[in-house]
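Written out below as structure tokens is the structure these notes cover.
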Amino acid sequence: MEIFNHDSNINFLGMRKFSIAIAIFLMVASIGLIVTRGLNYALDFTGGVSMVIDYDQSVEISDVRTALEKGGFDHAMVQSLGGTREVSIRMQPKDDKKAVDASGKVNLDLISADVLKTLHVARKDAKLKSRELVTAEVGAELKSDGTVAAVFVILGIMAYLWIRFERRFAIAAVATEIHDVLVTLGILALAQREFDMTVLASVLAVIGYSINDKVVVFDRIRELFRLARKAEPEEILNRSINNTLSRTIITSLFTAITMGALYFFGGPAVHGFAVTMLIGIVVGTLSSIFVASPILLWLGVSKKDLMPVTKENPELARRP
Amino acid sequence: MSDFPRWKYALVALVMLFGIIYALPNAFPPLLAVQVTANRDAPPIDQSVQQKVTAALASKHIAVTDVVVDGDHLLATFPNSDVQKSGSDVIKAALGDGYTVAFKLQSNVPGWLQAIGARSMPLGLDLQGGVHFLMQVDQGDAIDKQENSYADDIRTLLRQHNIHYESVVRNTVRGQGITVILRSEDDRSKSADAIANEYTDLNVATGPSTGDRFTLNVTIKPEKLRELARSAITQNLGTLRNRINALGVSEPLIQQQGESRIVVELAGVQDPTEAKKLIGAVATLQYRPGIGQAGDAQAQEAARTGNIPPDANLYYMRGSHLPVLVSKRIIVTGNQLVDASSGIDQQSGTPKVDVTLNAAGAKKMGDFTNANVGKPMAVVYVEQVYETKIVDGKEVRVPKVTETVINDASIASPFSKQFQTTGLGSPKEASDLALLLKGGALAAPMDVVEESVIGASLGQDNIDKGFKAVLLGLALVLLAAAIYYKLFGLVADIALFFNLVILVAVMSLIGVTLTMPGVAGIVLTLGMAIDANVLICERVREELRNGSSPHASIRAGYEKAWSTILDANVTHLIAALALTTMGTGAIKGFGVTLMIGILTSLFTSVTLTHAFTALIHGHRKLKTLSV
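Sequence order for the protein chains is U and W. So in this note's numbering, the last spot in the first sequence is 323, and the numbers never skip. So in this note's numbering, the last spot in the second sequence is 716, and the numbers never skip.
So, in structure tokens, the structure goes:
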């Protein structure tokens, strides 16, 4: 079976001004969104108290909110956890003054008991499923750890590509990576999806996923440059994208299928992860096709830049 | 002819076998059990205890699968977690305080598998429910203690050498050391020699001298400071282990996380109050010389005017709140304590704690009590809590020490190694204190910075959902690959299935704790592992289109795809590696899963499929390929 025409010859590079313009626009818009709307940081980052409440019968989020407001928890955030019987409640411990003792220690047991009591006024079937307390300092650390990890990934990949390929490939890959991460974060900011620890992990995994795509195209570019007698860069890049197009899309589809399964069946604990990954797969796939190669072309990639590598790598030299 | 060497077939077969065997234990879910162990003073576990437990469970109509005596402990297994909980309550009530009753996940893995080291993956808290604490260790406090102790030691040393000193004072800034002021140049050089000879961990430097004040600056060497910070964590880890063992939770997870944090996870525990009280309590005893009696005129005066003698602290008695003056000199601290047990004092009928000291502590105590019979000695109970203050709009955690005197009595006769502390409020207080002391004092105070309680039902939910997601993700990819790449797709399917098996086997063997992010990592690995096969299949198709023969296409397909696969996987591996460097458990688990997944998929997608392809096509003349 074949979905994609193997002889496809779409002139991707021909629309480079257009595609790069869109990419830049998306990046700027994403930065704008991240700055203005911000990411909807979850408990892992902000610190605070969170509870998962289970109801025997289905419940309206607004009813839970009203019940909490009546009990004096005005700032509690209520969210549905998939289905209609499970809700998560998030709040800062200072909303329940009794539960914070003179020395600032938070009594999680007391807070959860208070919340449950409040909910029981409206509905007797509310049950506490889990509760969690995170202090602000741990959250702040996670943010900086995440940033460090992302920078480490990008630099590591850059170094590897620089050695294995060439400087221009490294720069093009990293520029596209930054685009992918920013746009993924931008979409998360736009949708105001909760940004928790698993989403952070997912964003870092997106970097790993989308670099995969780029490397495959780059590999083909290198190969075609070496094979071609008369190497017109634009034509080589176009052919490389077209040759790998089928693989790029099939792999994306396969990965998307598994992430879809995770989203629909994995439960609320991995929702954020799956959604972020799905966004990342779409963004990463599009940028592999439309963004990475134009950057490479502008950086001035040529046949002779790629030849010396063969001398350093006897294994590759053996190959046709 | 096949160009696939025979040893590679053998390797593939071996790895497949390894994967199956070491992944197998996960097919045997552990039994929900309650473990009973006898405390020191209780009669050992035997048939009679077994009968008692069985009878108690039967009388309350609790369905128990099995009650067996296994060495020094008794195991009762239950069909589900609700019954397990009520069963545990019944057993506790039936046996009384002499026994520790704890939840346990009893491994159900057959003996022959256990014998070769095969075991199932431990489940994270999000998959089985329990409590999780993350604690911050205040390492600075260990340095404070050490500096104070050196200041004391230097005073003693100078006295021993008959050197007169003006003062020996610890600098107020932590880590800045101790300032010794002497009265002559000669004394200064003598003390510098004495200190440097006696304490090799100290740096001694001459400070400014004015008139008859000659200064010596003594600082703890940086490597010693680092070692102190490190050992504070290690000692706290050990202490926590002891304390949690006393709590009777089976298989607790107690680990260092990062530089200064400790993570504690207690599976199966649903009520963290008791655990938190034991873990969070930063209590240590200090035995110090008393000055006068509690509530005497001198102490009242000091409390009223605030004029406290320079070498003393003003504390209040626990309970009576009478002021009492206590010398700043510490004779023995909780660190030097070996054992503590509670009981009732025969003479006064009040609760007591019997204390045993180690050799160093015993010597200090002996020296002190010999010289001070009839004089008072106070027991100071030091408890540290954290206060959250708002400084410049930011929340800052400030440690606050509360010190109360729990006992201030005259030394009846000299003692050293063993003695008792009386005057505790209730038998419960005595046993709590003994438990804390027995667990060992914490080298540095700790503070809970993260806490979560995960219900057992949520854990079961997550397991079910995670399992479903993995199976469904796998099934869908298997189907898609088979449809799109036909026979080559089926071979890739075999590889993908074995990728899952080998991934699970490696994770089980290493002992990676499975969490929900880990499950997400497994699913993601399945999706991405197929990529290598897509690359190979597309290459083979391309070669066929270019007019190569089927065999040549296979060979060229694998050969040409390999460099791409390698580059793609190495870059991906770099990303996974970064995830594992993140301190946080959940992300780390995901990263480790991803990393193992990338490595196993490299093998299964390339070598394993190549073996199968060679096996299927190798010895036949081919006209076409099903790809």
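Using N, Cα and C, we set each Cβ at its ideal position, and we do this for glycine too. Predicted, not measured: the structure shown is a model, and the values here were computed from it.
Counting the other CB atoms within 10 Å of its CB gives residue 73/U a total below 16, which places it among the exposed residues. Counting only Cβ-Cβ distances below 9 Å, residue 535/W has no contacts in chain U at all, with the closest Cβ about 13 Å away. It is roughly 23 Å from the alpha-carbon of residue 120/W to the alpha-carbon of residue 132/U.
For residue 123/U, the enclosing alpha helix (DSSP H) stretches over residues 111-125. Excluding sequence positions up to five before and after residue 397/W, its CB lies within less than 8 Å of the CB of 391, 403 and 414, all in the same chain and listed in chain order. Scanning 299/U, 40/U and 52/U for the CA closest to the CA of residue 177/U turns up 299/U. As summarised for the stretch 223-254 of chain W, the continuous alpha helix (DSSP H) elements at least 4 residues long and confined to that stretch are 228-249, given in chain order. One Cα belongs to residue 162/U, the other to residue 301/U, and the distance between them is close to 20 Å. Inter-segment contact for the stretch 262-277 of chain U and the stretch 577-590 of chain W is absent: fewer than three beta-carbon pairs are separated by less than 8 Å. Here residue 344/W is bridged, per DSSP, to 352/W.
Identification of chain W residues near residue 265/U by a Cβ-Cβ cut-off of 7 Å yields 558, 562, 609 and 612, ordered along the chain. In the structure shown, residue 469/W adopts extended strand secondary structure according to DSSP, grouped into three states. For residue 228/U, the enclosing alpha helix (DSSP H) has its first and last residue at 200-230. If only uninterrupted alpha helix (DSSP H) runs of at least 4 residues are considered, those enclosed by the stretch 93-171 of chain W are 95-112 and 136-148. The Cβ atoms of residue 441/W and residue 505/W do not sit closer than 8 Å to each other.
Counting every other CB atom within 10 Å of its CB across the protein chains shown gives residue 135/U a total of 16 or more, marking it as buried. When the alpha-carbon of residue 127/U is set against those of 172/U, 81/U, 75/U and 59/U, the nearest one is in 59/U. Residues of chain W whose Cβ lies closer than 8 Å to the Cβ of residue 155/U are, in chain order, 667 and 670. Distance between residue 548/W and residue 217/W, taken at the CA atoms: about 4 Å.
Taking the Cα positions, residue 559/W is about 26 Å away from residue 47/U. Interface flag for residue 263/W against chain U is unset, since no Cβ pair is found closer than 8 Å.
For residue 116/W, same chain residues with a beta-carbon under 7 Å away, outside a window of 5 residues either side, do not exist. Annotated three-state conformation of residue 284/W is helix, per DSSP.
In this structure, residue 388/W sits away from residue 395/W, with a CB-CB distance that is not shorter than 8 Å. The contact set of residue 211/U on chain W, defined by CB atoms closer than 7 Å, consists of 661, 664 and 665 in chain order. One thing to note: residue 543/W has its Cβ no nearer than 8 Å to the Cβ of residue 264/W.
In the three-state reduction of the DSSP assignment, residue 79/U falls in the coil class.
Counting C-beta atoms within 10 angstroms of its own C-beta, residue 562/W has 16 or more neighbours from the protein chains shown and is therefore classed as buried. For the stretch 221-245 of chain W, the beta-carbon criterion of a distance under 7 Å to any beta-carbon of chain U is satisfied by 223.
Taking a C-beta distance under 8 Å as the contact criterion, residue 246/U and residue 223/U qualify as a contact pair. With a threshold of 8 Å between beta carbons, residue 111/U makes contact with chain W.
Residue-level contact check: residue 582/W does not touch chain U, since none of the beta carbons of chain U fall below 8 Å from its beta carbon.
Taking the Cα of residue 580/W as reference, the smallest distance to any Cα among 621/W, 540/W, 605/W and 614/W is reached at 621/W. Chain W has a Cβ within less than 8 Å of the Cβ of residue 257/U. Within the stretch 676-702 of chain W, contact with chain U at the beta-carbon level (separation under 8 Å) is assigned to 676, 679, 680 and 683.
Contact with chain U is found for residue 619/W, since one of that chain's Cβ atoms lies less than 8 Å from the residue's Cβ.
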